[in-house]
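A.B. asks:
2 protein chains.
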Amino acid sequence: MPHIIDPSHSSPNVIGSSAGSDRKVPAGGSESEGALRILIVEDDRDTREWIDGGLYEEGYVTHAVADGRAGLALAVQGAFDGIVVDRKLPGLDGISFIRAVRNADVQSRIIMLTALCETHQRIEGLDAGADDYLGKPFSMAELVARLRALSRRPALNRESPLLEWGPLVLDPTRHSASCRGERLELTPTEFRLLDILMRHAGNVVTRSMLLEQVWHFHFSPRTSVVETHMSRLRSKVRDAGGASFIETVRGYGYRLQLPTGPA
Amino acid sequence: MPHIIDPSHSSPNVIGSSAGSDRKVPAGGSESEGALRILIVEDDRDTREWIDGGLYEEGYVTHAVADGRAGLALAVQGAFDGIVVDRKLPGLDGISFIRAVRNADVQSRIIMLTALCETHQRIEGLDAGADDYLGKPFSMAELVARLRALSRRPALNRESPLLEWGPLVLDPTRHSASCRGERLELTPTEFRLLDILMRHAGNVVTRSMLLEQVWHFHFSPRTSVVETHMSRLRSKVRDAGGASFIETVRGYGYRLQLPTGPA
DNA sequence: CGCAAGTTGAAGGATTTTTTTCATGGAGTT
DNA sequence: AACTCCATGAAAAAAATCCTTCAACTTGCG
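Those protein sequences? They're chains W and L, same order as listed.
Every position in the first sequence, counted from 1, becomes a number in the numbering used here once 5 is added.
Every position in the second sequence, counted from 1, becomes a number in the numbering used here once 5 is added.
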């Protein structure tokens, strides 16, 4: 799905420090099953309101704040099911925020939002206790999908969310991947490649995106790094599983595609 | 095929004159223009080619120039959907560029690239008529997201996920097309041809338009590239669906036409 | 500190796919 | 009929991609 940031979904009152925006569930639901409570900590107003509105439409009960400290207070006493927090925040940094929340023994599932060129930070975030991360810009669909994935796990089980695609399984927090249960011994670069492919499974990931997200290139080098590593990744996956899932889309990039993949 | 920028295509002298820019879309005035056309005005070669290549991979039709004046000429007569312009340009400054473009009553969405973190310049840019700005370094994903966001802001100029015409379905983001559910294995060029035809479904697409949007030719070469590719595209569609939807309008170009006519 | 093991990206040739050219014959027009 | 425009297949040309090798570099460890 296209990464669209549409600021048009605006929600009424979103607050700075003390208060917040509470939303009700559109359709009624029981305490146990229905309304999942999500805390949003994001300083950029447009983005915050976009997330807020989007999750509201998905049936979540949201609470959005712009400030890290305010968010922390809420997180600790709010019994939220999930927390969406920007890495870069004024006052209290996103990573410090996460660390603080975990120190307070809060079990909420946390998704960290990071700019695309902050791979390093992502790992830091996961180490700090985030359950997953999402690179900006992202689509509402992606966020909802990751939230669902997280909430599917048992409440107290802080098991990391797995990315799965057919026989491929990748664990972002453990930096491990497997195919048909067989462990893939991937180098960091290969891991990142597979990670990106899997997060966009079924869709084309352009060479530019890969160069950008893995190599931080903001120009087009005339090298063939992508091809080289893709080749290595492919052969490892092939050795483990047999089929070649990584399809090349000539002129554009690559795509993870199951032989009998969905339309 | 990260398309190369041939200076002869982007230099000013090609512009003002007759140049193959007879963009006469046959009546109907349907707002559904072809693929979104983006003008890139950026002097740094690496950056320019990076943006150019990246947007190409995303399916945009791009025109890239290094010079502000050349860009201005293009912007004024080019009917671009979006313009990406660097703030710092040799010759004609980015802000002056924007001002000039707006003075010429051009409605294209403009995104200004600013290397400086100086808010001052950004505001100046927005005042001059830019719709948005992006600070360097930025990620391709961000640029694409902003472009998408902008292109849907005004009218219904939104880029719909799927293009459909009778049994033909084309998914721009996945670079895939199908006929009667059967997947069409198209090369990049064929894909672009079909894309343009479908966006103008029912209307004649002139050879000039095709040469310009697919090949970046601003003049009419004597080759028969168009015919050749159209032929191949036709046969592929025929193999998949049976009927031949691509009608040739002798002396003008081609048109996508259902045997039973459009609704 | 120096070695061993592992990782990375450049280089470059092989391979595959795509694009273009070109020649020919057909179709439509005047 | 003469002419122009178009369709098409074959073959040449040009890209794009694959994949292996190699030297530089990093890291962990004795």
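We put the CB at the ideal spot given by N, CA and C, even for glycine.
All figures in this text were calculated on a predicted structure; none of them were measured in a lab.
DSSP on Tyr257 of chain L, reduced to helix/strand/coil?
C.D. replies: As a working note, residue 257 of chain L is residue 252 in the second sequence. Coil.
A.B. asks: Locate the alpha helix (DSSP H) running through Glu195 of chain W, then write down its first and last residues.
C.D. replies: What you label residue 195 of chain W is simply residue 190 of the first sequence in a count that begins at 1. It spans 193 to 204 - the alpha helix (DSSP H) in which Glu195 of chain W sits, taken as one unbroken run.
A.B. asks: If you reduce the DSSP assignment to three classes, tell me which class Ser229 of chain W lands in.
C.D. replies: As a first step, residue 229 of chain W must be located in the first sequence, where it is residue number 224. DSSP places Ser229 of chain W in coil when its eight states are reduced to three.
A.B. asks: When the Cα atoms are used, what is the spatial distance from Leu161 of chain L to Ala109 of chain W?
C.D. replies: Here residue 161 of chain L corresponds to residue number 156 of the second sequence, with the count starting at 1. Here residue 109 of chain W corresponds to residue number 104 of the first sequence, with the count starting at 1. With a pLDDT of 36 at Leu161 of chain L, under the threshold of 50, the modelled position of that residue is not reliable, and the figure given next carries that caveat. Roughly 48 Å separates the two Cα atoms.
A.B. asks: Ordered along the chain, which non-local residues of its own chain (more than five positions away) have a Cβ less than 6 Å from that of Ser35 of chain L?
C.D. replies: Translated into positions along the second sequence, residue 35 of chain L becomes position 30. With a pLDDT of 37 at Ser35 of chain L, under the threshold of 50, the modelled position of this residue cannot be trusted, and the question is left open.
A.B. asks: Any chance you could list the beta strand (DSSP E) runs of at least 3 consecutive residues sitting entirely within the segment 75 to 134 of chain L, in chain order?
C.D. replies: Fully enclosed beta strand (DSSP E) runs of 3 or longer: 87 to 91, 114 to 119.
A.B. asks: Could you give the DSSP three-state label for Glu252 of chain L: helix, strand or coil?
C.D. replies: As a first step, residue 252 of chain L must be located in the second sequence, where it is residue number 247. Residue state, collapsed to three classes: strand.
A.B. asks: What is the rounded straight-line gap between the Cα of Thr67 of chain L and the Cα of Leu60 of chain W?
C.D. replies: Against the second sequence, residue 67 of chain L aligns to sequence position 62. Against the first sequence, residue 60 of chain W aligns to sequence position 55. Taking the straight line joining both Cα atoms gives about 35 Å.
A.B. asks: Expressed to the nearest angstrom, what Euclidean distance is found between the alpha-carbon atoms of Gly96 of chain L and Ile88 of chain L?
C.D. replies: Sequence index remark: in the second sequence, residue 96 of chain L carries index 91 (1-based). Sequence index remark: in the second sequence, residue 88 of chain L carries index 83 (1-based). Distance between the alpha carbons of Gly96 of chain L and Ile88 of chain L is about 18 Å.
A.B. asks: Would DSSP call Leu152 of chain W helix, strand or coil?
C.D. replies: The count along the first sequence starts at 1 and reaches residue 152 of chain W at position 147. Of the three classes helix, strand and coil, the one that applies to Leu152 of chain W here is helix, per DSSP.
A.B. asks: What does His205 of chain W reach in chain L if we use C-beta pairs closer than 7 Å?
C.D. replies: Taking the first residue of the first sequence as position 1, residue 205 of chain W is located at position 200. Per Cβ cutoff of 7 Å: no residues; His205 of chain W is ~11 Å from chain L at best.
A.B. asks: Relative to the C-alpha of Ala40 of chain L, which candidate in L:Glu47, L:Asp49, L:Tyr65 has its C-alpha closest?
C.D. replies: Walking along the second sequence from the start, residue 40 of chain L turns up at place 35. Closest by alpha carbon: L:Tyr65.
A.B. asks: Look up Leu263 of chain W in the DSSP assignment and say whether it is helix, strand or coil.
C.D. replies: What you label residue 263 of chain W is simply residue 258 of the first sequence in a count that begins at 1. Correct three-state label for Leu263 of chain W: coil.
A.B. asks: Name the two residues that bound the continuous beta strand (DSSP E) containing Arg188 of chain L.
C.D. replies: Counted from its first residue, the second sequence places residue 188 of chain L at position 183. 187 to 189 is the span of the beta strand (DSSP E), which, as asked, contains Arg188 of chain L.
A.B. asks: Near His234 of chain L, what residues of its chain come up, given a Cβ to Cβ distance below 7 Å and the 5 sequence neighbours on each side ignored?
C.D. replies: Within the second sequence, residue 234 of chain L is the residue found at index 229, counting from 1. Thr194, Glu195, Leu198, listed in sequence order.
A.B. asks: Assuming the contact rule is C-beta atoms closer than 8 Å, Arg92 of chain L and Ile116 of chain L should be a hit. Round their C-beta distance to whole Å, please.
C.D. replies: For this step, residue 92 of chain L is matched to residue 87 along the second sequence. For this step, residue 116 of chain L is matched to residue 111 along the second sequence. Going by Cβ atoms, the distance from Arg92 of chain L to Ile116 of chain L rounds to 11 Å, so no, they are not a contact pair.
A.B. asks: For Gly258 of chain L, decide whether its Cβ has a neighbour in chain W, counting only Cβ atoms nearer than 8 Å.
C.D. replies: As a position in the second sequence, residue 258 of chain L is number 253, starting the count at 1. Answer no: the Cβ-Cβ gap between Gly258 of chain L and chain W never drops below 8 Å.
A.B. asks: Can you name the residues of chain W whose CB is closer than 7 Å to the CB of Thr119 of chain L?
C.D. replies: As a working note, residue 119 of chain L is residue 114 in the second sequence. Within 7 Å Cβ-Cβ: nothing; Thr119 of chain L doesn't reach chain W, min ~14 Å.
A.B. asks: Report back the beta-carbon spacing between Gly258 of chain W and Thr211 of chain W to the nearest angstrom; my notes put them in contact at under 8 Å.
C.D. replies: By 1-based counting over the first sequence, the position of residue 258 of chain W is 253. By 1-based counting over the first sequence, the position of residue 211 of chain W is 206. Sure, about 4 Å apart at Cβ, within 8 Å.
A.B. asks: Less than 8 Å between C-beta atoms, sequence neighbours within five positions excluded: which residues of the same chain meet that for Asp86 of chain W?
C.D. replies: Residue mapping note: residue 86 of chain W aligns to position 81 of the first sequence, counting from 1. So the qualifying residues of the chain are Leu41, Arg42, Ile43, Ser113, Arg114, Ser156.
A.B. asks: Anything in the segment 215 to 241 of chain W with a Cβ closer than 7 Å to a Cβ of chain L? List those residues in chain order, please.
C.D. replies: Cβ contacts with chain L: Glu217, His223, Phe224, Ser225.
A.B. asks: According to DSSP, is Asp137 of chain L part of a helix, a strand, or is it coil?
C.D. replies: Taking the second sequence and counting its residues from 1, one reaches residue 137 of chain L at position 132. Asp137 of chain L falls in the strand class under three-state DSSP.
A.B. asks: With a cut-off of 8 Å on the beta carbons, I'd call Val274 of chain W and Val81 of chain W a contact; round off their distance for me.
C.D. replies: Since the first residue of chain W shown is 6 and the last is 268, residue 274 of chain W is not available in this structure.
A.B. asks: Find the nearest neighbour of Pro166 of chain L within the set L:Thr178, L:Leu173, L:Thr228, judged by alpha-carbon distance.
C.D. replies: In the second sequence, counting from the first residue as 1, residue 166 of chain L sits at position 161. The candidate whose alpha carbon is nearest that of Pro166 of chain L is L:Thr178.
A.B. asks: Go to Arg42 of chain L, then tell me how far its beta strand (DSSP E) extends in each direction, as first and last residue.
C.D. replies: What you label residue 42 of chain L is simply residue 37 of the second sequence in a count that begins at 1. Taken as a continuous stretch (DSSP letters only), the beta strand (DSSP E) holding Arg42 of chain L covers 42 to 46.
A.B. asks: Asp200 of chain L: buried (16+ other C-beta within 10 angstroms of its C-beta) or exposed?
C.D. replies: The count along the second sequence starts at 1 and reaches residue 200 of chain L at position 195. Per the 10 Å Cβ criterion, buried.
A.B. asks: What are the residues in the segment 130 to 160 of chain L lying within 9 Å of chain W by C-beta distance?
C.D. replies: Of all residues in the segment 130 to 160 of chain L, Lys141, Pro142, Phe143, Ser144, Met145, Ala146, Glu147, Val149, Ala150, Arg151, Arg153, Ala154, Arg157, Arg158 have a Cβ within less than 9 Å of some Cβ in chain W.
A.B. asks: By alpha-carbon positions, which one of L:Asp49, L:Asp51, L:Trp55, L:Glu62 ends up nearest to Arg255 of chain W?
C.D. replies: Counting from 1 along the first sequence, the entry for residue 255 of chain W is found at position 250. Ranking the options by Cα distance to Arg255 of chain W, first place goes to L:Glu62.
A.B. asks: Please identify the residue among W:Gly99, W:His205, W:Leu189, W:Val106 whose C-alpha is closest to the C-alpha of Phe143 of chain W.
C.D. replies: In the first sequence, counting from the first residue as 1, residue 143 of chain W sits at position 138. When only C-alpha atoms are compared, the closest one is W:His205.
A.B. asks: Based on Cα-Cα distance, which residue from W:Asp136, W:Leu94, W:Arg107, W:Ala105 lies nearest to Ala120 of chain W?
C.D. replies: By 1-based counting over the first sequence, the position of residue 120 of chain W is 115. If we check each option's Cα against that of Ala120 of chain W, W:Leu94 comes out closest.
A.B. asks: Does DSSP put Glu169 of chain L in a helix, a strand or coil?
C.D. replies: For the purposes of this step, residue 169 of chain L is identified with residue 164 of the second sequence, where counting begins at 1. Three-state DSSP puts Glu169 of chain L in a strand.
A.B. asks: So what does DSSP say about Thr52 of chain W, is it helix, strand or coil?
C.D. replies: As a first step, residue 52 of chain W is located in the first sequence; it is residue number 47 there, counting from the start. Three-state result, Thr52 of chain W: helix.
A.B. asks: Sort out for me which residues DSSP pairs Thr211 of chain L with in a bridge.
C.D. replies: Sequence index remark: in the second sequence, residue 211 of chain L carries index 206 (1-based). DSSP lists L:Gly258 as partners of Thr211 of chain L.
A.B. asks: On the premise that Ser249 of chain L lies in contact with Arg260 of chain L, defined as a C-beta separation below 8 Å, what is that separation, rounded to the nearest angstrom?
C.D. replies: Here the question's residue 260 of chain L lines up with position 255 in the second sequence. Here the question's residue 249 of chain L lines up with position 244 in the second sequence. Wrong, their Cβ atoms sit about 12 Å apart, outside the cutoff.
A.B. asks: For Met145 of chain L, tell me which candidate among W:Ser225, W:Ala146, W:Thr192 has the shortest Cα-Cα distance.
C.D. replies: Numbered from 1 along the second sequence, position 140 holds the residue referred to as residue 145 of chain L. Minimum Cα distance to Met145 of chain L is reached at W:Ser225.
A.B. asks: Check for me: the beta strand (DSSP E) holding Ser183 of chain L runs from which residue to which?
C.D. replies: The residue you call residue 183 of chain L lines up with position 178 of the second sequence. Where Ser183 of chain L is concerned, the enclosing beta strand (DSSP E) stretches over 181 to 184.
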